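>
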Amino acid sequence: MAKIRKFVCYRRIDKKPYTRFSKFKKLSYVRSRPVCRVVRFDLGDPRKKYNLTLHLITTRPLQIRDNALESARQTATRFLEKNLGKVGFYFQVRVYPHHVLRENPLAAGAGADRMSTGMSHSFGKTIGIAARIKKGRPVLTVHVMKENAETGKRALELSKYKLPCTCRIIEEKIVEKKQAPAK
Numbered sequence: 216m217a218k219i220r221k222f223v224c225y226r227r228i229d230k231k232p233y234t235r236f237s238k239f240k241k242l243s244y245v246r247s248r249p250v251c252r253v254v255r256f257d258l259g260d261p262r263k264k265y266n267l268t269l270h271l272i273t274t275r276p277l278q279i280r281d282n283a284l285e286s287a288r289q290t291a292t293r294f295l296e297k298n299l300g301k302v303g304f305y306f307q308v309r310v311y312p313h314h315v316l317r318e319n320p321l322a323a324g325a326g327a328d329r330m331s332t333g334m335s336h337s338f339g340k341t342i343g344i345a346a347r348i349k350k351g352r353p354v355l356t357v358h359v360m361k362e363n364a365e366t367g368k369r370a371l372e373l374s375k376y377k378l379p380c381t382c383r384i385i386e387e388k389i390v391e392k393k394q395a396p397a398k
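Numbering (my numbering), first residue to last: 216 to 398.
(1) Which residues in the same chain have their Cβ closer than 8 Å to the Cβ of residue 352, if we skip the five residues on either side of it in sequence?
(2) Output the distance between the C-alpha atoms of residue 343 and residue 385, rounded to the nearest integer angstrom.
(3) Buried or exposed: residue 239, going by 16 or more other Cβ atoms within 10 Å of its Cβ?
(4) Per DSSP, what kind of secondary structure is residue 308 in: helix, strand or coil?
(5) Please state the DSSP three-state secondary structure of residue 354.
(6) Just to confirm, is the Cβ distance from residue 363 to residue 300 under 8 Å?
(7) Under the rule that 16 or more other beta-carbon atoms within 10 Å means buried, what is residue 284, buried or exposed?
(8) Could you give the DSSP three-state label for residue 271: helix, strand or coil?
(9) Here's the rule: buried if 16 or more other CB atoms are within 10 angstroms of the residue's CB, otherwise exposed. What is residue 242?
(10) With which residues is residue 281 paired in a DSSP beta bridge?
(11) Here's the rule I'm using: 16 or more other beta-carbon atoms within 10 Å means buried, otherwise exposed. How should residue 261 be labelled?
(12) DSSP has residue 178 in a bridge; who is on the other side?
(13) Given residue 172, which residues of its chain have a CB within under 6 Å of its CB, disregarding the five upstream and five downstream residues?
(14) Any idea if residue 374 is buried or exposed, counting beta-carbon neighbours within 10 angstroms, 16 or more meaning buried?
(15) In the DSSP assignment, find the unbroken alpha helix (DSSP H) run with residue 371 in it and report its ends.
(16) Taking C-alpha atoms, which residue in 361, 339, 307 and 348 lies nearest to residue 254?
(17) Mapping the DSSP letters down to three states, classify residue 381 as helix, strand or coil.
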């Protein structure tokens, strides 16, 4: 099986996406869309009231491949479930990989001239999908109680190493509104 190409080739965001889906077959340059490898986007208990939200935010615009997002999700949720249990947090993957990545593989070596199509079919074959992320956009979010803030930060810190970018962790405290007494 062929190895995955290094993501340095695809990380930078160009002016506009180079994928196109059209209802007209001749104008649709991408024939198939790969399956998203991110299994779940929400984990934990969403109904519980949490008083602290932690965001993992990118420091520059880039693309993140779906298998990197899944790896970051698995790392964070494994740490959170080990330390807080299955209902002590609420975890979200905040981006969805829509962008189709393509490659026009060129063969090298003896006999390659009979194999390669050159640039006549230059739209390429789909090799995966990625999420296009702008600067300052949250990639992952964890909702926890204030006493578990260090555990949530550590989970995002561990998942940060799985992503191909530099990220920051931002705290957002949720202030509960006091209700006026009923008359």
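Every residue, glycine too, gets a C-beta built ideally from N, C-alpha and C. Bear in mind the structure is a predicted one, so any value in this text is a computation, not a measurement.
The short version:
(1) In the sequence shown, the residue the question calls residue 352 occupies position 137. Cβ contact annotation for residue 352 (same chain, cutoff 8 Å, sequence separation greater than five): 272, 273, 309 and 310, in chain order.
(2) Here residue 343 refers to the residue found at position 128 of the sequence shown. Here residue 385 refers to the residue found at position 170 of the sequence shown. Going from the Cα of residue 343 to the Cα of residue 385 covers about 30 Å.
(3) Looking up residue 239 in the sequence shown gives position 24. Counting other Cβ atoms within 10 Å of its Cβ, residue 239 stays below 16 and is therefore classed as exposed.
(4) To locate residue 308, count along the sequence shown from 1; it is residue 93. Residue 308 falls in the strand class under three-state DSSP.
(5) Here residue 354 is taken as the residue at index 139 of the sequence shown, counted from 1. Residue 354: strand per DSSP, three-state reduction.
(6) Along the sequence shown, read from residue 1 onward, the residue named residue 363 stands at position 148. Along the sequence shown, read from residue 1 onward, the residue named residue 300 stands at position 85. For the 8 Å CB-CB criterion, residue 363 and residue 300 do not form a contact.
(7) By 1-based counting over the sequence shown, the position of residue 284 is 69. Its Cβ being crowded by 16 or more others within 10 Å, residue 284 is buried.
(8) Along the sequence shown, read from residue 1 onward, the residue named residue 271 stands at position 56. In the three-state DSSP reduction, residue 271 falls in the strand class (E or B).
(9) On the sequence shown, residue 242 is found 27 positions in, with the first residue counted as 1. Under this definition residue 242 is an exposed residue.
(10) To locate residue 281, count along the sequence shown from 1; it is residue 66. Residue 281 pairs with nothing; no bridge assigned.
(11) Reading the sequence shown from its first residue, position 46 is the one you call residue 261. It counts as exposed.
(12) A question about residue 178 goes unanswered here, because the residues of the chain that appear run from 216 up to 398.
(13) Any property of residue 172 remains undetermined from this structure, which presents the chain solely from 216 to 398.
(14) Sequence index remark: in the sequence shown, residue 374 carries index 159 (1-based). With 16 or more Cβ atoms within 10 Å of its Cβ, residue 374 is classed as buried.
(15) As a working mapping, residue 371 is identified with position 156 in the sequence shown. From DSSP, the alpha helix (DSSP H) with residue 371 extends over 364 to 375.
(16) As a first step, residue 254 is located in the sequence shown; it is residue number 39 there, counting from the start. Of 361, 339, 307 and 348, the residue nearest in Cα terms is 307.
(17) To locate residue 381, count along the sequence shown from 1; it is residue 166. Coil at residue 381, not helix or strand.
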